[in-house]
Amino acid sequence: MWQGVLPAVTTKFTPEGDLDHAEMERCWGLLLDAGCDGLIVCGSLGEGSMLSFEERLATLKTAQRIAGSKPVLLNVAEAGTREACELARAANKAGASGLMIVPSPIYHTEPRETVATLRTIAAAGDLPVMIYSNRVAYRVDVTPEILEDLADDARFVAIKESSDDIRRTTEIFNRLGDRFDVFTGVDNLAFEALTAGAVGWVAGLVVAFPRETVAIYRLIKAGRYAEALAIYRWFRPLLDLDVSTYLVQNIKLAEAIALGTNERVRGPRLPLFGDRRDRVEKLVRDAIATRPNLPPLD
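Position 290 of the sequence shown, counting from 1, maps to 290 under UniProt numbering, and the rest follow consecutively.
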C-alpha cells in the first residue's frame, strides 16, 4: 500500500514554544519537492510525546495541506490504550491516510498484550496501520510470530522494522511473504534492509538531506547498487546520528545547518551544547563540504 521514502518529520516551534506551522510547511515542502513519498508526523523525531492532543491534530492538518495526494500518517504512541484509541479515532475524523502505532512506550507489553493493544487501537481508528516495532527504544518487539497473529486484520498493512537486527527483514518475508509492506526504520541499516527487500524507508536524516536519501532509495530499486552504495557510504556517518539518545537534537541541528531552519526543541530536551554539539556540527559541515554529485535517477 505504501512504499518509498517516508520522512519522520521534525516539529517546528516558535521562540515562544508554540507550533511554527509556516516553518513546518517550508521544511516539509522541501522534502516533498525532493521526491519523498509521504510524511509521518508526531513520531519520536517529531517529539510527539511532548505535544498536546490538539497540537498533534494541528500538525497533521499542516502536513495534509502540503502533501497533496501523498499519504500523511499520524504516529500513535500513548501510554494508555484508551488514550491511543481516542487519538486514532480523531485521526480518522481528520482524514489521516493511516496510523503508525507504537505499543505503550511506558508499559512494556508482553506478546499477548502487544497483540491485544494493536488490535484495539487499529479497530478504534479503522485506518491502514503501520506497526512500529522498536525493541531498542521502546522495549517491545513485534516479532514475525506476532505479525502472523495480526495478519488476519487487513488494517495492518506495514511494519516499520527497527529491531536493529538486519536479519529480521528476511525473517518477516520468509514467514509471511508479502503480507506486510516492510519499511526500514533504522537509518544506518537502510542500504542493507532495502537490498534485502524492504519496500520503504521511514527516514530521519532525510529532513536535512532529502535529495541524497531519495537517490539511495531510487537507485537501489533500479538495481543500481554500486551508485547507491557510494552515496550511502558518504551518508553513513550522518545516519549514525539517528541511533542515539539525542537523535532529536542531533537531527534538528543537522537540519538547521543544511536547511537554514531552527533547532528549537520541547523540554525537557535542550539543544546540543559543548563538545557533543561541536562534534555534530563538524560532522554535518564536513559532509556538506564533500557532498557527492547525484546521478540521474530517471
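Where a beta carbon is used, it is the ideal one built from N, C-alpha and C, also for glycine.
**Item:** Stretch-stretch touch, CB-based, cutoff 8 Å, three pairs: the segment 140-156 with the segment 201-210
**Value:** no
Q. Which of the three DSSP states, helix, strand or coil, is assigned to A8?
A. strand
Q. Would you call E16 buried or exposed, if buried means 16 or more other Cβ atoms sit within 10 Å of its Cβ?
A. exposed
In the DSSP assignment, the alpha helix (DSSP H) including I131 goes from what residue to what residue?
Looking at the DSSP string, I131 is not in any alpha helix (DSSP H); the run it does join, the beta strand (DSSP E), is V129 to S133.
Report task. Go ahead and pull the three-state DSSP assignment for residue 302. Result -> Because the chain is modelled from 1 through 298, residue 302 falls outside the range shown and cannot be assessed.
### Query
Where T213 and L283 are concerned, what is the direct C-alpha to C-alpha distance, given to the nearest angstrom?
17 Å
Notebook entry, point to check: Using a Cβ-Cβ distance under 7 Å, would T213 count as near chain B?
Noted result: Absent from the structure: chain B. Only one protein chain is present.
Point to revise | Expected contact under 8 Å - CB spacing of V207 and E47 to nearest Å | key: Contact flag wrong, Cβ pair sits at about 13 Å.
**Prompt:** When the Cα atoms are used, what is the spatial distance from T109 to P71?
**Reply:** 29 Å
**Study point:** Span of the beta strand (DSSP E) around K160
**Key:** F156 to E161
**Message:** Looking at the strands, I want to know which residues DSSP matches up with I40.
**Reply:** A8 and L73
- [ ] Name, in chain order, the residues that DSSP records as bridge partners for M1.
- [x] Note: M1 sits in no beta bridge, so no partner.
- Whole-angstrom C-beta distance between A158 and W2, which should lie under 8 Å: 6 Å
*How would you label E161, buried or exposed, when you count the other beta carbons within 10 angstroms and need 16 or more for buried?*
buried
*asked:* Within a Cβ cutoff of 8 Å, which residues of the same chain sit near S244, ignoring the five residues on either side of it in sequence?
replied: N250
- Return helix, strand or coil for I101, following the three-state DSSP convention. strand
Buried or exposed for residue 320, please, with buried defined as at least 16 other CB atoms from any protein chain shown within 10 angstroms of its CB.
The structure shown has nothing for residue 320, since the chain only spans 1 to 298.
Notebook entry, point to check: Whose CA, out of S69, R112, I121 and S133, lies closest to the CA of residue 299?
Noted result: Nothing can be reported for residue 299: it is not among the residues displayed for the chain, which extend from 1 to 298.
For L127, collect the residues of the same chain with a Cβ closer than 8 Å to its Cβ; drop the 5 residues on either side in sequence, then sort them by chain order.
A88, A91, N92, A96, S97, G98, L99 and R155
Over what stretch of residues does the alpha helix (DSSP H) that includes F173 continue unbroken? R167 to L176
Which same chain residues end up closer than 6 Å to S104 when comparing Cβ atoms and leaving out the 5 residues on each side of it in sequence? A79
(request) Check whether the Cβ atoms of S163 and R139 lie closer than 7 Å to each other. (result) no
Within 10 angstroms of its Cβ, does residue 299 collect 16 or more other Cβ (buried), or is it exposed? Nothing about residue 299 can be reported from this structure: the residues present for the chain run from 1 to 298 only.
**Item:** Sub-7 Å separation of L60 and V41 beta-carbons
**Value:** yes
Boundaries of the alpha helix (DSSP H) in which G29 is found, first to last residue:
H21 to D33
Open item on the list: So R264 and F13 are supposed to be a Cβ contact under 8 Å. How far apart are they, rounded?
Closed with: 4 Å
- prompt: Near G35, what residues of its chain come up, given a Cβ to Cβ distance below 7 Å and the 5 sequence neighbours on each side ignored?
  reply: V214
Which residues bound the beta strand (DSSP E) around G200?
-> G200 to A203
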